[in-house]
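Take any residue in the sequence shown, count from 1 to its spot, add 9: that is its number in our numbering. Just so it is clear, CB atoms sit at the ideal spot from N, CA and C, and this is done for glycine as well.
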Amino acid sequence: MQKDTFFITTPIYYTNWIPHIWHAYSSIICDTIARYQKINGKKVKFSTWVDENSQKAVLKAKEMGMETLPYLDMMAEKHKAVWDGLNIKYTDFIRTTEERHHKLVREVLQKCYDNWDIYQAEYEWMYCVGCEAFKKDEDLVCLNKTTKETFPFSPKVKMSENILKVCPDHLTEPQKIKEKNWFFRLSKYENFLKDLYKKNPSFVMPDNRFNEVKAFVERWLEDFSISRETNTFGIKLPFDETQVTYVWFDALFNYVTLCKYPDSGGNDEAFWPADLHVVAKDIIRFHAIYWPAMLESAGYGMPKNVLTTGYFTVDGQKISKSLGNVIDPVEFSAKYSKDLLTLYMLSSINIGQDWDFSEKQAILMYNAKLANNMWNLVNRVVVLALKLGGVLEWKKEDYSHLTRVSDFQGDIMKELYIYSLDFISHMENYNLKSCLDSTFIILDSLNNFTTQKEPWQMIKDETKREETREVLYTIAEWLRQVWLALYPFFPEKMSEMFVKLGLEDYQKRLENGELEKLISETPTFEIKEKWENLFNRVEI
Ligand code: ME8
């Protein structure tokens with residue numbers, strides 16, 4: 010039986026800085042998918058917010074001369090302001106310093122401990138605070154301090170004051186740590202993981218990332234430390250209060266806290282297992298290897314899919330504060346529009362690819378696809394419909410060949426029918442780029458259809474009034490279908506257009522999960538006046 014719930018999660022973001030454009034990418038993907046599931050009738054839980062028990066945040070607070078907790082309060086609000094500023098419609102928010110999360114993590118740690126999956130051992134390792142992860146030589150690169158060049162590490166390279174062994178992402182030397190810690194017996198779960206991957210061929214998406222995960226598990230799984238002796242900030246282990254939980258062990262369980270102890274005070278356990286975790290490639294091992302093993306140990310079911318995004322650069326350069334190319338997503342969307350940001354992010358690349366963020370490309374794409382392709386067509390229909398009194402009515406007998414798509418006549422109907430089916434399948438597979446691509450192809454076809462039919466000529470001929478109405482109805486009806494499809498991407502603009510078409514209750518009905526019903530209706534359109542441009546061209 011199909012579940013009537015859908016639980017989607019963003020990573021919970023570190024609070025050593027305010028979310029930037031790349032964090033917005035993950036959140037916009039989740040927002041679009043969550044909105045689609047909701048209009049499609051599912052009960053949706055969409056969670057996000059902050060990962061607070063990290064050393065990075067403690068160090069950052071210190072650097073700013075603040076106590077840790079007030080610093081975290083301040084940052085949590087700043088993060089929330091970003092998501093609200095972008096109209097990300099999350100349903101659940103979590104801070105990992107919350108009591109409910111401490112409670113859950115201590116419960117699951119105890120379960121894993123009772124399950125003989127946690128043991129004590131002494132180790133000496135390298136730790137990168139930037140990644141909040143343990144590192145081995147093979148995870149590091151060499152950095153020439155003078156030239157700032159990096160090159161692969163090998164035991165033959167002689168380290169010196171000038172040649173350092175650093176984390177490839179943060180270009181900092183990892184700390185050397187020697188501690189007596191508690192370890193999670195990951196090695197015990199090797200067969201379990203292999204089996205899980207075999208039974209769920211799309212557990213990690215896209216395939217190339219899944220192959221990397223499988224290859225990693227194939228090589229060797231090592232137990233990992235789940236506690237820290239020297240840190241004091243974090244969740245104390247229930248079986249050894251002198252140590253705090255390693256930030257990743259705690260952070261991953263945020264997804265379960267949200268179901269077991271939801272903010273509403275009730276119980277959302279029906280939402281577990283999660284349907285989709287959206288993460289970037291930097292944290293795929295945590296989500297696809299550690300996480301299922303930890304869940305299995307604690308007695309929870311497995312998430313359905315992990316969707317992995319690539320990494321992006323800005324104008325060809327790695328994003329960094331020192332280069333000054335960090336983009337604030339709220340500022341960016343205020344300068345242009347949220348639609349421009351969404352369109353560019355979701356239709357430039359397939360999810361999973363690395364890419365380069367370019368403001369110029371974003372503008373060009375918006376102008377071509379929304380300002381020209383879509384808006385010109387809308388404007389044509391509106392102007393011509395007004396000349397016929399503004400009402401385009403569904404005439405059951407006369408138009409039966411038009412929207413009863415199974416009886417389609419002519420190429421445009423066939424194409425539209427295939428589009429509808431493809432769109433759903435792309436959405437269900439989280440291929441957001443394909444959803445948008447196929448939509449813009451359909452809009453091209455509708456534009457061609459309009460040019461061929463020339464309703465602006467037809468309208469001049471009294472004897473062709475009915476035919477003109479029929480052509481305009483076809484275009485308007487298919488614009489309606491396209492807008493229903495695009496609603497999860499551009500909810501405000503689509504709602505506005507529905508209202509202008511005389512479909513006042515559409516937003517409400519969509520939010521009630523009536524997408525399917527709306528698709529099959531054949532409403533009357535009532536255009537009252539000329540529309541102001543909703544997709545103005547942006548000058549570069
Ligand atoms: O890793 N390109 O938090 P984080 C695309 N707290 N996406 C990027 C990116 C880039 N250059 N850089 C970051 C953490 N991201 C942990 C997660 S979850 C239980 C704990 C996005 O603040 C991407 O989604 O470092 C990545 O997974 C996330 O930000 C990491 O955010």
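Is residue i buried or exposed, if buried means 16 or more other CB atoms sit within 10 Å of its CB?
i	result
Met383	buried
Ser36	buried
Ile484	buried
Ala297	buried
Arg228	exposed
Ile97	buried
Asp514	exposed
Asp204	exposed
Gly243	buried
His529	Looking at the sequence provided, one finds Ser at residue 529 rather than His. The residue in question, Ser529, is exposed, as its Cβ has fewer than 16 Cβ neighbours within 10 Å.
Thr24	buried
Asn545	exposed
Thr286	As written in the sequence, residue 286 is His, which differs from the Thr given in the question. So His286 counts as buried.
Pro301	buried
Glu141	buried
Relative to the C-alpha of residue i, which candidate in the options has its C-alpha closest?
i	options	result
Glu221	Phe295, Leu527, Cys121, Lys71	Phe295
Leu393	Lys469, Ser443, Ala224, Ile433	Lys469
Thr77	Val53, Thr106, Lys52, Lys51	Thr106
Glu437	His32, His29, Lys47, Tyr22	Lys47
Ile450	Lys378, Arg389, Val390, Arg489	Lys378
Thr251	Asp337, Ile328, Asp93, Glu188	Glu188
Phe246	Tyr80, Lys369, Ala142, Trp191	According to the sequence displayed, residue 246 carries Leu and not Phe. For the residues Tyr80, Lys369, Ala142, Trp191, the minimum Cα distance to Leu246 belongs to Trp191.
Ile172	Gln516, Leu149, Phe193, Asp178	Leu149
Val138	Asp82, Arg194, Ala90, Lys69	Lys69
Ile328	Asp13, His29, Lys12	His29
Lys396	Arg478, Thr472, Thr459	Arg478
Glu199	Ala224, Val175, Asp93	Ala224
Lys313	Cys140, Tyr439, Trp26, Ile549	Tyr439
Lys157	Lys145, Ile372, His179	His179
Val265	Tyr206, Ile536, Arg109	Arg109
For residue i and residue j, what's the separation of their Cα atoms in angstroms?
i	j	result
Thr254	His111	10 Å
Asn49	Leu527	10 Å
Val414	Asp272	The pLDDT assigned to Val414 is 39, lower than 50, so where the model puts this residue is not dependable; a value taken from the coordinates is nonetheless given after this. Going by the C-alpha atoms only, they are around 45 Å apart.
Val387	Ser356	21 Å
Ser504	Pro215	32 Å
Met467	Thr41	40 Å
Phe16	His88	21 Å
Cys444	Glu340	27 Å
Thr57	Lys404	47 Å
Thr351	Tyr34	8 Å
Trp281	Arg474	57 Å
Gly522	Ile21	27 Å
Ala343	Leu95	9 Å
Leu202	Ile433	31 Å
Glu424	Phe366	33 Å
Cys121	Thr322	40 Å
Asp416	Ala494	Note that Asp416 scores 36 on pLDDT, short of 50, meaning its location in the model is unreliable; the coordinates nonetheless yield the value given after this. Their Cα atoms are separated by approximately 22 Å.
Leu441	Asn359	8 Å
Asp348	Asp324	21 Å
Glu520	Pro497	10 Å
Lys65	Tyr299	21 Å
Val256	Val547	44 Å
Thr412	Arg489	Reliability fails at Thr412, whose pLDDT of 48 lies under 50, so the model's placement of it is uncertain and no value is given.
Gln418	Tyr426	Reliability fails at Gln418, whose pLDDT of 41 lies under 50, so the model's placement of it is uncertain and no value is given.
Glu476	Glu402	13 Å
Thr19	Lys197	28 Å
Phe193	Glu486	58 Å
Glu116	Glu86	28 Å
Thr14	Ile103	20 Å
Which partner residues of residue i appear in the DSSP bridge assignment?
i	result
His286	Thr18, Val315
Ile551	An answer regarding residue 551 cannot be provided, because it is not within the stretch 10 to 549 covered by the chain.
Lys197	The partner list for Lys197 (beta bridge, DSSP) is empty, contrary to what the question assumes.
Ser234	Phe192
Val166	The partner list for Val166 (beta bridge, DSSP) is empty, contrary to what the question assumes.
Met214	Leu316
Glu250	Glu250 pairs with nothing; no bridge assigned.
Tyr23	Asp60
Leu173	Leu152
Trp364	Phe321
Would you say residue i reaches chain B, if we count a Cβ-Cβ gap shorter than 9 Å as a contact?
i	result
Lys509	Among the chains in the structure shown there is no chain B, since it carries only a single protein chain.
**Report entry** the region 172–183 touching the region 237–255, judged by at least three CB pairs closer than 8 Å
**Finding:** Taking a contact to require three or more Cβ pairs closer than 8 Å, the region 172–183 and the region 237–255 do not qualify as touching.
Query raised in the report: Looking at C-beta atoms only, is the number of pairs between the region 59–72 and the region 243–261 that lie closer than 8 Å three or more?
Result: Look at the beta carbons and you see the region 59–72 touching the region 243–261: at least three pairs across the two are nearer than 8 Å.
Report task. Count the CB pairs spanning the region 162–172 and the region 117–129 that are closer than 8 Å, and state whether there are at least three. Result -> Taking a cut-off of 8 Å on C-beta distances, the region 162–172 does not touch the region 117–129, as fewer than three cross pairs fall below it.
Query raised in the report: Hey, is the region 133–153 in contact with the region 301–316, meaning 3+ C-beta pairs nearer than 8 Å?
Result: No, they do not touch.
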